[in-house]
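A.B. asks: Just dropping this structure here.
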Amino acid sequence: MTHPPVSFDPATGLGLLRTTHSLYALRVGQDGSPRHVYWGAPLTGSEVAALPEAQPPTGSSFDADAAPDELGIQTGARFGPAGLQVRFSDGVRGAQWRFDGHGVEDDGTLRIHLADRVYPLAAALCYRVRGDTDVIERWTEVTHTGTDAADDHQGGPGRGPLAVERCDSASWTLPHRADYRLSHLVGGWSSEFQLRRDRLPVAETVLTSRRGVTSHQANPWLALDDGTADEERGEVWSTALYWSGSWRITLSRDPVGRTTWSGGFGHEGVSWTLEPGQRLCTPVFAGLYSPSGFGAASRSWHRHIRSHVLPRPDEDRPVLYNSWEATAFDVSESGQRELATIAADLGAELFVLDDGWFGARRNDRAGLGDWTPSPDVFPRGLRPLADEVRRLGMRFGLWVEPEMVNADSDLYREHPEWVVHAPTRQATELRNQLMLNLGRPDAAEWVLRTLDGLVREYGVDYLKWDANRVVTEAGWSGHRDPDRLWIDHTRAVYAIMDRLRGDHPGLRVEACAGGGGRADLGVLARTDEIWTSDNTDPVDRLGIQHGFSQLFPAQAMSAWVTDSPNAITGRATPLRFRFHVAMAGALGLGGDLTALTDREKAETAALVAEYKEIRGLVQHGDQYRLTGEGGVRGVHYAARDGSEHVVIACCPMSRFGRPPVPLVLPGLRADARYEEPAGEMVHDGALLTTRGLDLGLPGGDYASRVIRLRRL
Ligand code: DGJ
1 MTHPPVSFDP ATGLGLLRTT HSLYALRVGQ DGSPRHVYWG APLTGSEVAA LPEAQPPTGS
61 SFDADAAPDE LGIQTGARFG PAGLQVRFSD GVRGAQWRFD GHGVEDDGTL RIHLADRVYP
121 LAAALCYRVR GDTDVIERWT EVTHTGTDAA DDHQGGPGRG PLAVERCDSA SWTLPHRADY
181 RLSHLVGGWS SEFQLRRDRL PVAETVLTSR RGVTSHQANP WLALDDGTAD EERGEVWSTA
241 LYWSGSWRIT LSRDPVGRTT WSGGFGHEGV SWTLEPGQRL CTPVFAGLYS PSGFGAASRS
301 WHRHIRSHVL PRPDEDRPVL YNSWEATAFD VSESGQRELA TIAADLGAEL FVLDDGWFGA
361 RRNDRAGLGD WTPSPDVFPR GLRPLADEVR RLGMRFGLWV EPEMVNADSD LYREHPEWVV
421 HAPTRQATEL RNQLMLNLGR PDAAEWVLRT LDGLVREYGV DYLKWDANRV VTEAGWSGHR
481 DPDRLWIDHT RAVYAIMDRL RGDHPGLRVE ACAGGGGRAD LGVLARTDEI WTSDNTDPVD
541 RLGIQHGFSQ LFPAQAMSAW VTDSPNAITG RATPLRFRFH VAMAGALGLG GDLTALTDRE
601 KAETAALVAE YKEIRGLVQH GDQYRLTGEG GVRGVHYAAR DGSEHVVIAC CPMSRFGRPP
661 VPLVLPGLRA DARYEEPAGE MVHDGALLTT RGLDLGLPGG DYASRVIRLR RL
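Written as structure tokens, this is what we have:
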């Protein structure tokens with residue numbers, strides 16, 4: 001018997017969400033509060049019928065916390081982190097629910113409607129199952145249901161403005177396990193996406209950004225397991241927040257074996273005032289159960305992102321050339337033309353002019369905000385360069401940092417009131433810049449008009465949208481609800497991106513924030529790739545890319561080959577090794593092409609051509625992360641129908657002078673045979689999935705190889 005993906009039975013209060021590999025169950029209890037019942041492998045009908053009642057707190061005064069809430073509130077015997085924190089206009093805190101019905105929509109959305117028993121507050125807990133993925137999308141909508149703020153004493157208490165001190169998108173709960181392990185991503189500038197696997201302490205653990213952007217330091221993706229899962233085996237529960245501003249996820253593991261986590265936008269202390277009739281909708285906080293390890297969890301996220309997040313998942317990402325590392329601020333029209341000519345010869349398909357092309361931007365101290373080509377650099381404007389790039393057969397891309405301004409700029413001199421500031425505080429400058437408050441409609445409108453003008457005037461095909469500072473001294477002078485800045489700014493960035501894309505259907509956008517400082521599913525829903533890190537050292541990149549791939553697919557991972565020694569780390573590495581590492585994502589060239597020898601140019605052109613042959617597999621295939629003995633790292637990309645495969649193996653450092661051992665390929669079929677088209681070798685799937693593939697790598701540092709396999 002087939003079951004609908006979402007269902008709710010008002011008689012029992014049981015809500016069920018079904019995906020191919022998972023079942024999620026919640027129950028609205030007698031007290032009107034929705035509580036978590038189950039999340040894991042699919043259950044039979046009789047197992048579902050036996051799911052426990054979700055009892056409200058009873059019993060001992062000290063251990064009263066009963067079944068976990070779907071979104072914690074501040075009333076009753078609840079003492080964990082509350083996902084919904086409200087204060088009514090009479091000073092009373094916390095909701096007390098009565099169940100107010102449910103709705104099931106055609107797109108697979110279930111809404112549980114809740115109303116406060118006394119106050120003019122309603123909430124909808126929303127769940128969506130898409131049918132073709134195991135991801136469950138959840139969000140919350142909170143409404144002030146009063147009609148007249150002046151009515152405070154007439155229609156009951158708390159009719160005035162409602163302070164929403166926290167409104168998480170969802171709380172998630174794991175089944176009881178003997179232990180719990182947290183996988184998460186940490187880092188900093190030039191060291192983003194470092195994967196950590198830490199035992200979850202019996203305590204509250206907070207993952208957060210208080211910076212107004214997603215952050216280099218932490219990412220709103222996490223995975224939990226019982227400590228025994230690996231790439232291919234074990235149950236893994238993971239979640240990801242679709243938000244690019246400040247955020248907070250609080251995990252709570254109690255001493256008797258329950259782990260829940262609640263997450264959403266805004267960090268602690270950021271509040272939002274709802275006037276009567278107003279509603280606050282949170283971003284999505286999605287969850288995924290995978291029965292088959294971290295690798296399968298990542299592949300499920302990648303598929304979901306391709307089907308439901310990325311705007312243009314089926315397009316091949318072009319091989320781009322970006323001039324930043326070649327020229328920094330030393331930009332000239334002739335220099336850019338020279339780079340463009342070489343880039344086109346080497347096989348680049350998109351030429352991106354980075355920072356330094358506009359206003360007085362000859363260094364990072366001036367000009368940011370003045371988005372007209374600098375007459376010193378481009379006396380004839382950008383049009384001749386853009387035309388030349390197109391004549392060379394490439395698309396034309398342009399770097400912008402539209403949320404930011406140097407104090408030394410015409411824009412700031414004209415609109416000092418547009419920056420984020422608390423007037424009584426000294427404004428901290430980071431990279432000599434201030435941040436515009438795009439929550440202000442006038443500033444946001446100006447940004448939209450400016451970008452739209454650039455795209456129209458120069459036929460820009462690709463915007464690299466950068467953001468090189470975070471929020472400090474947050475303030476919105478004169479606004480009644482200044483904390484709105486934290487959410488409204490991010491919403492405005494989204495709205496501008498959406499509008500630009502809508503008005504210019506050919507436009508593609510790269511998300512960048514000083515490298516990977518704004519990488520999340522909120523920004524990915526309106527961009528095509530993410531600049532993963534300013535660190536392009538291939539050895540460091542192996543770790544960065546490993547972390548990035550936990551959530552994001554390879555097609556969204558912008559990866560450049562740059563010069564050696566590396567500008568940040570000083571490490572010298574062979575060109576081929578740099579290429580092989582970058583070929584695991586959306587390949588770009590980012591070095592000084594004028595310094596290449598003829599031999600290096602020939603090697604570069606050949607490697608770009610090889611990438612184009614495997615690009616379809618890398619960008620659209622299923623990804624298997626491989627780790628072998630002896631420090632070798634591999635990534636295997638498999639066509640969805642299993643017919644074509646490519647393995648990229650990189651060994652940065654040899655151990656004891658020995659060549660790396662074979663790499664086991666669990667993504668192949670044991671009952672099939674595979675040939676290497678280049679070497680005409682035929683392999684037995686049974687051997688490749690157990691003993692592994694001989695890499696044929698020599699001993700020595702920076703050994704790497706791309707191996708293609710075709711199923712016979
Ligand atoms: C930071 C980016 O990550 C770099 O790639 C480059 O665009 C610079 N900003 C330009 O200022």
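Positions 1 to 712 (our numbering) are the ones given, in order, by the sequence shown. Positions of the beta carbon are idealized from the N, C-alpha and C atoms, including for glycine. Remember, predicted model here, so these are calculated numbers, not experimental data.
If you measure from each CB to the nearest heavy atom of the ligand DGJ and keep those under 6 Å, what residues do you get, in chain order?
C.D. replies: Taking a cut-off of 6 Å from the heavy atoms of the ligand DGJ, the residues with a C-beta inside it are TRP324, ASP354, ASP355, TRP399, ASP466, ASN468, CYS512, GLY514, GLY515, TRP531 and ASP534.
A.B. asks: When the Cβ atoms of the segment 181 to 200 are set against those of the segment 137 to 148, are three or more pairs found closer than 8 Å?
C.D. replies: With the cut-off at 8 Å, the segment 181 to 200 and the segment 137 to 148 do not touch.
A.B. asks: Let me confirm a value: HIS3 is counted as buried when at least 16 other C-beta atoms fall within 10 Å, else exposed. Which label applies?
C.D. replies: exposed
A.B. asks: Looking at C-alpha atoms only, which residue of GLY32, HIS36 and LEU23 is the closest neighbour of THR721?
C.D. replies: Since the displayed the chain opens at 1 and closes at 712, residue 721 lies outside it and no answer follows.
A.B. asks: Pull up the CB-CB distance for THR133 and THR19, whole angstroms please, since I reckon it's below 8 Å.
C.D. replies: About 7 Å separates the two Cβ atoms, so the contact holds.
A.B. asks: Candidates PRO379, TRP371 and ALA582: which alpha carbon is nearest LEU542's?
C.D. replies: ALA582
A.B. asks: To the nearest whole angstrom, what separates the beta carbons of ILE112 and PRO34, a pair I think is in contact under 8 Å?
C.D. replies: 5 Å
A.B. asks: With a 10 Å radius around its C-beta and 16 neighbouring C-beta atoms as the bar for buried, classify HIS153 as buried or exposed.
C.D. replies: Residue placement at HIS153 is flagged as unreliable, the pLDDT there being 49, under the threshold of 50; a coordinate-derived value is accordingly withheld.
A.B. asks: Who pairs with ASN219 in a beta bridge, going by DSSP?
C.D. replies: The beta-bridge partner set that DSSP reports for ASN219 is empty.
A.B. asks: Check SER183 in the structure and name its three-state DSSP category.
C.D. replies: strand
A.B. asks: Any idea which residues DSSP pairs ARG93 with across the strands?
C.D. replies: ARG87
A.B. asks: If you drop the 5 nearest sequence neighbours on each side, which residues of the same chain put their C-beta closer than 6 Å to that of HIS241?
C.D. replies: Here the sequence assigns Leu to residue 241, which means His is not the residue at that position. Only PRO220, TRP247, GLY263 and PHE285 meet the Cβ criterion.
A.B. asks: Using beta-carbon positions only, say whether ALA638 and GLY667 come within less than 8 Å of one another.
C.D. replies: With respect to the 8 Å criterion, ALA638 and GLY667 are classified as neighbours on the basis of their beta carbons.
A.B. asks: My assumption, with CB atoms under 8 Å, is that GLY628 sits in contact with GLY634. Please give the rounded CB distance.
C.D. replies: 7 Å
A.B. asks: Tell me where the alpha helix (DSSP H) around THR12 begins and ends.
C.D. replies: Segment: none, THR12 is in no alpha helix (DSSP H) and carries neither H nor E.
A.B. asks: Count Cβ pairs between the segment 640 to 655 and the segment 326 to 345 that sit closer than 8 Å; are there 3 or more?
C.D. replies: Touching, no.
A.B. asks: I'd like to know whether the C-beta atoms of VAL420 and LEU485 end up nearer to each other than 8 Å.
C.D. replies: yes
A.B. asks: Mapping DSSP to helix, strand and coil, what is PRO384?
C.D. replies: Residue state for PRO384 is assigned as helix, using DSSP reduced to three classes.
A.B. asks: Would you check if the distance between the CB atom of VAL608 and the CB atom of VAL319 is smaller than 8 Å?
C.D. replies: yes
A.B. asks: Evaluate GLY131 with the Cβ neighbour count: other Cβ atoms within 10 Å of its Cβ, from every protein chain shown; 16 or more gives buried, anything less gives exposed.
C.D. replies: Per the 10 Å Cβ criterion, exposed.
A.B. asks: So LEU463 and LEU507 are supposed to be a Cβ contact under 8 Å. How far apart are they, rounded?
C.D. replies: 7 Å
A.B. asks: So, under 8 Å CB-CB, PRO201 and ARG253 are touching, yes? Tell me the CB distance rounded to an integer number of Å.
C.D. replies: About 7 Å separates the two Cβ atoms, so the contact holds.
A.B. asks: Does DSSP put GLU429 in a helix, a strand or coil?
C.D. replies: Coil.
A.B. asks: Between GLY699 and PRO659, what straight-line distance do the alpha-carbon atoms span, to the nearest angstrom?
C.D. replies: 4 Å
A.B. asks: Quick check on the DSSP output: the alpha helix (DSSP H) that includes PRO538 runs from which residue to which?
C.D. replies: 538 to 548
A.B. asks: Identify every run of the alpha helix (DSSP H) within the segment 588 to 632, keeping only runs that are complete inside it and at least 4 residues long; order them along the chain.
C.D. replies: 598 to 620
A.B. asks: Per DSSP, what kind of secondary structure is ASP345 in: helix, strand or coil?
C.D. replies: helix
A.B. asks: Would you tell me roughly how many angstroms separate the C-alpha atoms of ASP701 and VAL632, rounded to the nearest one?
C.D. replies: 10 Å
A.B. asks: Could you work out which residue in ALA203, LEU587, GLY459 and GLN30 is closest to THR12 when comparing CA atoms only?
C.D. replies: GLN30
A.B. asks: In the DSSP assignment, find the unbroken beta strand (DSSP E) run with TYR24 in it and report its ends.
C.D. replies: 22 to 28
A.B. asks: What does the Cβ neighbour count give for GLY591, buried or exposed, with the cut at 16 atoms within 10 Å?
C.D. replies: buried
A.B. asks: Just to confirm, is the Cβ distance from PRO373 to TRP357 under 8 Å?
C.D. replies: yes
A.B. asks: Quick test of your reading: VAL455 and ILE496, contact by CB under 8 Å. State the CB separation rounded to the nearest angstrom.
C.D. replies: That belief does not hold up - the Cβ atoms of VAL455 and ILE496 are roughly 12 Å apart, past 8 Å.
A.B. asks: Count Cβ pairs between the segment 270 to 284 and the segment 470 to 488 that sit closer than 8 Å; are there 3 or more?
C.D. replies: Below 8 Å, enough C-beta pairs join the segment 270 to 284 and the segment 470 to 488 to call them touching: three or more.
A.B. asks: Going by beta-carbon coordinates alone, are TRP531 and ALA511 separated by less than 8 Å?
C.D. replies: yes
A.B. asks: Got a sec, what are the start and stop residues for the alpha helix (DSSP H) ALA296 sits in?
C.D. replies: 293 to 308
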